[in-house]
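Participant:
Number of protein chains: 2
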Amino acid sequence: MGPHATMQTVCRASIQCTSAILVALFAALSSAIPVFAEADPLASWIDGTAKRAIVDFVATVTTEGSPDFVPPGERIATFDNDGTLWSEQPMYVQLAFALDRVKVMAPNHPEWKDTEPFKSVLSDDIKGIAATGQKGVAEIVAATHAGMSAAQFERIVTDWIATAKNPETGKLDRAMIFQPMLELIAYLKANGFDVFIVSGGGVEFMRPWTEATYGIPAENVIGSSIKMKYRSNASDPSIIRLPEVEFVDDGAGKPVGIQKFIGKRPIAAFGNSDGDFEMLEWTTTGPGRRLGMIVHHDDPRREFAYDRKSEFGRLDKALDAAPQRGWSVISMKDDWRVIFPNSEP
Amino acid sequence: MGPHATMQTVCRASIQCTSAILVALFAALSSAIPVFAEADPLASWIDGTAKRAIVDFVATVTTEGSPDFVPPGERIATFDNDGTLWSEQPMYVQLAFALDRVKVMAPNHPEWKDTEPFKSVLSDDIKGIAATGQKGVAEIVAATHAGMSAAQFERIVTDWIATAKNPETGKLDRAMIFQPMLELIAYLKANGFDVFIVSGGGVEFMRPWTEATYGIPAENVIGSSIKMKYRSNASDPSIIRLPEVEFVDDGAGKPVGIQKFIGKRPIAAFGNSDGDFEMLEWTTTGPGRRLGMIVHHDDPRREFAYDRKSEFGRLDKALDAAPQRGWSVISMKDDWRVIFPNSEP
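Chain order of the listed sequences is W and X. Counting along the first sequence from 1, when you hit position 308 you're at 308 in the working numbering, and nothing is skipped either side. Counting along the second sequence from 1, when you hit position 245 you're at 245 in the working numbering, and nothing is skipped either side.
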């Protein structure tokens, strides 16, 4: 029975007719929905245990009346960033940013030529930088991430990320994001999830580009931070970034960051290193159905292959714990049809 | 021309018919819309300069093509809580909570009978508590707000707020919320704003009830905080609240809290005391059209009357600054038809 026939049969009075139109419209729309639904929202995921774990989990927590149903406001999903949403090799993008900034700022700091850690940075001596230890890194962060307003820092990051390239592949950093994870974020959001980034990286290094890159707005980004201070002014106040670490959002800091910023316990968490262990533990030990997943970098042809021995993003303890904790391991090689947007399989 | 006639005239082929139904439906719906729009979303606001300032502002920033148009993701509005969304007299609700907790916990702390500040709390000696100064208050906060898990604290607050009453009026604290502000929050949300609470109060004291009370979810609540620590455990990890202040979200702390948690500058801010001065300044000095408003407690008959001389929520500097800063002052007496939900005008 077509909508035309429905109209002629049912429309007797004007109000009845309006509801008949409504019914007919919904009938027409719902017969159309399967056509759209057939386009797989996780098309870059190969059918396998990882993809099935995601689809089953989402179906279970979104089915009203199911004992594991979770109302929309409680559907919190958290993603690590470096190595989980984009590549972190051969070095964290934020570290590359800091080193670039030292070079840009060097003309105003002639003393850096003879002072560590800057001397090593200026001569591209990565081992020399590493030898300066945590103190050296803190000095680099202080010099490059503090001493300006939050608005100025946002501008610096925005300009830098527009052209920043991976030193090994020569591709734009913003192009080395993981297509399957973009689909996963969109799929979760379409199913009523609130999606957050929970990263060891600097929160104000990420916020300027996460919305355009991942569809995750600034207020849904949690990260490490330095202290800030408000400078009052009747016409042009500012927020000044201070050279002092405030919060390290890594390891046991991640559940704390989640509690501080969201105040709700996630039901799904995604990471790729031991720095995500506690976030996965906190998420998956909660009551009801939970999902914990680890991205395993095992595809040297299309991306990088590393885990236990890597200096950055070491995956060791979490990989061992995965089977007994019920965390799914995502093989980039076997579970992902493509890795980067618009790339070949 | 009724929708029935439209159908008969236009429906020749099935696809054409479907679009005709769609057109008819939208026509029917849009003719219905003015009926709903006539219900004033700000019904508790008396028509006057304050209400006009709100409506004009919202119309301006939501009109596409207008030079002051602000896209939805940037429409950030921040509200102070105590004295702005609910009553703060004769004492902050959170202070009443802390004092109640001391009494509940006292049987396990026999030494409190002879130790300040607890001795004064147990004998309802407010002046005695005040005499112990900031150190005394810090001890009360440490004893009542720390030493348990975040989940346990949430349960304590939830149970307490369910029956907590204002000591002067005998009404439930949760009933002493401002109806015009509830309407304002809903109005802003309906117009694509993201609404946040930015309060000097403890963030984890507010989060358990803000969604049910104001329609503002936990993740949109910014407040003062104490430090927390993650306690790892394979089956039952927890987040422990430590007796150490981490962040004071008041005065110059408010713009910093906004930057930390939202990472975006508000375009509208609402407060009622000098503790909101910097938030109002930070909000209203940004580029484009901005809105800053101050709730003035000038209605002793229906609520309380206080400003410059009050011990809590002092409004002095901000009241003087309002005219030159372009901040609107909301008179509770003259601008609000009713103050509390379901109350008489």
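Quick reminder that beta carbons are idealized off the backbone N, C-alpha and C, glycines included.
1. Cβ of alanine 268 of chain W within 9 angstroms of Cβ of leucine 188 of chain W?
2. Compute every distance between the C-beta of arginine 241 of chain X and the non-hydrogen atoms of the ligand ZN, then say whether any falls below 8 angstroms.
3. My parser needs the beta strand (DSSP E) runs of 3 or more residues fully inside the region 43–112 of chain X; what are they?
4. Please compile the residues from chain W whose C-beta is within a distance smaller than 7 angstroms of the C-beta of serine 232 of chain X.
5. Helix, strand or coil for serine 149 of chain W per DSSP?
6. With a CB to CB cut of under 6 angstroms and the five nearest residues on each side skipped, what residues in its chain are close to aspartate 250 of chain X?
7. According to DSSP, is serine 120 of chain X helix, strand or coil?
8. Determine the burial state of threonine 351 of chain W: buried for a count of at least 16 other Cβ atoms within 10 Å of its Cβ, exposed for fewer.
9. In chain W, which residues lie less than 8 angstroms from isoleucine 161 of chain X when you measure between Cβ atoms?
10. Cutting at 8 angstroms between CB atoms, please list the residues of its own chain near serine 66 of chain W, excluding the five before and the five after it.
11. Lysine 254 of chain X lies in the alpha helix (DSSP H); which residues open and close that run?
12. The region 188–206 of chain X: which residues have C-beta closer than 8 angstroms to a C-beta of chain W, in chain order?
13. Using a C-beta cutoff of 9 angstroms, does serine 30 of chain X count as contacting chain W?
14. Counting only runs of 4+ residues fully inside the region 191–262 of chain W, write out the alpha helix (DSSP H) ranges in chain order.
15. Do phenylalanine 340 of chain X and glutamine 179 of chain X have their beta-carbon atoms positioned less than 9 angstroms apart in this structure?
16. So isoleucine 129 of chain W is in the alpha helix (DSSP H); what residue range does that whole segment cover?
17. What residue from W:Val248, W:Glu246, W:Lys227 and W:Phe247 has the CA that sits closest to isoleucine 240 of chain W's CA?
18. List the residues of chain W whose Cβ lies closer than 8 angstroms to the Cβ of aspartate 274 of chain X, in chain order.
19. Between alanine 106 of chain X and the rest of its own chain, which residues show a CB-CB distance below 7 angstroms, the 5 nearest in sequence each way excluded?
20. Please classify valine 104 of chain W as buried or exposed, where buried requires at least 16 neighbouring CB atoms within 10 angstroms.
21. On the DSSP bridge assignment, give the partners of serine 354 of chain W in chain order.
22. Out of curiosity, what's the CA-to-CA distance linking proline 255 of chain W and valine 102 of chain X?
23. Of all the options X:Gln89, X:Arg265, X:His297 and X:Ala321, which has the alpha carbon lying nearest to the alpha carbon of glycine 170 of chain X?
24. List, in order along the chain, the chain X residues whose C-beta lies closer than 7 angstroms to that of isoleucine 239 of chain W?
25. I'd like to know whether the C-beta of glutamate 219 of chain W is nearer than 9 angstroms to at least one C-beta of chain X.
26. Is the shortest distance between the beta-carbon of threonine 285 of chain X and the beta-carbons of chain W less than 9 angstroms?
27. Under three-state DSSP, which class holds glycine 326 of chain W?
28. Suppose you measure from the CA of alanine 252 of chain W to the CA of arginine 265 of chain W; what does that come to, to the nearest Å?
29. Note down, in chain order, every chain X residue with its Cβ under 9 angstroms from the Cβ of aspartate 236 of chain W.
30. With a threshold of 9 angstroms between beta carbons, is lysine 264 of chain W in contact with chain X?
31. Please compile the residues from chain X whose C-beta is within a distance smaller than 9 angstroms of the C-beta of lysine 229 of chain W.
32. To the nearest angstrom, report how far apart glutamine 94 of chain W and phenylalanine 79 of chain W are at their CA atoms.
33. Kindly indicate which three-state DSSP category leucine 315 of chain X falls into: helix, strand or coil?
34. Which residues of chain W have a Cβ atom closer than 8 angstroms to the Cβ of glycine 73 of chain X, listed in chain order?
35. Please tell me whether alanine 150 of chain X has its Cβ less than 9 angstroms away from any Cβ of chain W.
36. Taking just the CA atoms, how far does asparagine 81 of chain W sit from methionine 176 of chain W?
Facilitator: Once the coordinates are examined:
1. yes
2. Questions concerning the ligand ZN fall outside what the structure shown contains, since it holds no ligand whatsoever.
3. 76–79
4. Ordered by position in chain W, the residues that pass the 7 angstroms Cβ test against serine 232 of chain X are Ala252, Glu278 and Glu281.
5. strand
6. Gly200 and Gly275
7. In the three-state DSSP reduction, serine 120 of chain X falls in the helix class (H, G or I).
8. Limits of chain W in this structure are 1 at one end and 345 at the other, which puts residue 351 of chain W out of reach.
9. Here the premise fails: no neighbours, minimum Cβ distance about 15 angstroms.
10. Thr60
11. 253–261
12. Cβ contacts with chain W come from Asp194, Val203 and Glu204.
13. Residue placement at serine 30 of chain X is flagged as unreliable, the pLDDT there being 46, under the threshold of 50; the coordinate-derived value follows with that caveat. Among the CB atoms of chain W, none fall inside 9 angstroms of the CB of serine 30 of chain X.
14. 203–214 and 253–261
15. Cβ atoms of glutamine 179 of chain X and phenylalanine 340 of chain X: closer than 9 angstroms.
16. Where isoleucine 129 of chain W is concerned, the enclosing alpha helix (DSSP H) stretches over 126–131.
17. W:Lys227
18. Within chain W, no residue comes near aspartate 274 of chain X; the closest Cβ sits about 12 angstroms away, beyond 8 angstroms.
19. Leaving aside the five residues that flank alanine 106 of chain X on each side, the residues in its chain whose CB is nearer than 7 angstroms to its CB run, in chain order, Trp112 and Leu122.
20. exposed
21. Because residue 354 of chain W is not part of the residues shown, which for chain W are 1 to 345, the question remains open.
22. Between proline 255 of chain W and valine 102 of chain X, the C-alpha separation is close to 29 angstroms.
23. X:Gln89
24. Around isoleucine 239 of chain W, the beta-carbon contacts reaching into chain X at under 7 angstroms are Pro255, Val256 and Gln259.
25. yes
26. Judged by the 9 angstroms Cβ criterion, threonine 285 of chain X is in contact with chain W.
27. Glycine 326 of chain W falls in the coil class under three-state DSSP.
28. 14 angstroms
29. Thr285
30. yes
31. Ala252 and Val256
32. 17 angstroms
33. coil
34. Chain W residues near glycine 73 of chain X: Glu211 and Pro217.
35. Yes, contact with chain W.
36. Their Cα atoms are separated by approximately 12 angstroms.
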